[in-house]
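One structure is given below, encoded as structure tokens.
Quick look at the structure:
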């Protein structure tokens, strides 16, 4: 599975784009990609929110 996160910021907004795709043809279907995205979505949202509010650990 290939998982990619892109974050674009512009003044007071942040746009997060996530993409999950199988590494090989027909190894995983679209349902598996959707599950990966739904699993990571709350974690990515929390990390972006914490960073924007100045509570990030980096």
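Residue numbers (my numbering): 98 to 155.
From the three backbone atoms N, C-alpha and C, an ideal C-beta is built for every residue, glycine too.
Problem set entry | Coil, strand or helix - residue 121 by DSSP | Here the question's residue 121 lines up with position 24 in the chain shown. In the structure shown, residue 121 falls within a coil segment according to DSSP collapsed to helix, strand and coil.
Exercise. What does DSSP give as the partner residues of residue 130 in its beta bridges?
Worked result: Along the chain shown, read from residue 1 onward, the residue named residue 130 stands at position 33. Looking at the DSSP assignment, residue 130 forms no beta bridge with any residue, so it has no partner.
For this session: Mind checking which residues open and close the beta strand (DSSP E) that includes residue 99?
Result: By 1-based counting over the chain shown, the position of residue 99 is 2. 99-107 is the span of the beta strand (DSSP E), which, as asked, contains residue 99.
Problem set entry | residue 119 versus 128, 141, 138, 99, residue with shortest Cα-Cα distance | For this step, residue 119 is matched to residue 22 along the chain shown. Of the candidates 128, 141, 138, 99, the residue whose Cα lies closest to the Cα of residue 119 is 99.
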